[in-house]
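Position in the sequence shown counted from 1, then plus 105, gives you this note's numbering. Quick reminder that beta carbons are idealized off the backbone N, C-alpha and C, glycines included.
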Amino acid sequence: IIRWLTQPLPPGHRHLITFTVTEPFTTSLKVSFAAGVALALPVVLWQTWGFFAPALDPHTQRSIRGLTAFAAGLLALGVGFGYRIGLPAALTFLVHYDQSLYDVQLRATDYISFAILVLAACAAVFELPVVVLGLVRVRALSSRTLRRNRRLGYLLVAALAVALPGVDPVTTTLEM
């Protein structure tokens, strides 16, 4: 998994460095924990669904199943987008930024944390349509309200992109 996470790095920066004796172990532990959460999430969600499903009518159950399949697809697309487009663009910008002044060497734990955060942020951003669809479905929002407040929506999306982990303009723009 660590090799997979280092693939988006520019070729000259794929060898990560560590500064403490325990850093390779704790970095591997962090990656294992994140992978474990990602792999266990479908089971946790299935168990949660199994708890709540009997309380819902069949029509609502079908709607939620469809929304769940849509959300899973968007999550996969978000991670794929983050891995193929967001992370490489951010890394190219950040690693080569003011290269004449700095000798950029990447610390393993910091890079892995950044990569996981960018992938999670891209996945979360791709889930926004599901959130909006869910709010429309429970009648908390309407298409009329969404059309009327379109400019506010643009502002909120831009604010969300700025609040996400990308500190550079490239990542922020791609997340927006």
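By the criterion of at least three beta-carbon pairs nearer than 8 Å, the segment 122-131 is not in contact with the segment 224-236.
In the structure shown, Arg-249 adopts helical secondary structure according to DSSP, grouped into three states. Within the same chain, Cβ atoms closer than 8 Å to the Cβ of Pro-115 are found at Leu-196, Thr-197, Val-200, His-201, the five residues on either side in sequence being excluded. Membership of Gln-166 in the alpha helix (DSSP H) is indicated by the continuous run 163-186.
When DSSP assignments are scanned along the segment 212-269, the uninterrupted stretches of alpha helix (DSSP H) that are 4 or more residues long and fall wholly within it turn out to be 213-231, 233-242, 248-253, 255-268. Scanning Phe-157, Leu-257, Leu-279, Leu-206 for the CA closest to the CA of Leu-224 turns up Leu-279. Three or more Cβ pairs closer than 8 Å define a contact, and the segment 206-219 falls short of that threshold against the segment 161-179. The continuous alpha helix (DSSP H) containing His-201 extends over residues 192-201.
When the five nearest sequence neighbours on each side are left out, the beta carbons in the same chain lying within less than 8 Å of the beta carbon of Arg-242 are those of Ser-168, Leu-172, in order along the chain. Taking the Cα positions, Arg-255 is about 48 Å away from Phe-130. Where Leu-146 is concerned, the enclosing alpha helix (DSSP H) starts and stops at 128-157.
Taking 8 Å as the upper bound for CB-CB distance, Ala-266 and Met-281 are in contact here, some 4 Å apart. Ile-106 sits in coil when the DSSP states are folded into three classes, being neither helix nor strand. About 11 Å separates the Cβ atoms of Leu-233 and Leu-240, ruling out a contact at the 8 Å cut-off. Taking 8 Å as the cut-off, the Cβ atoms of Ala-145 and Thr-276 do not count as close.
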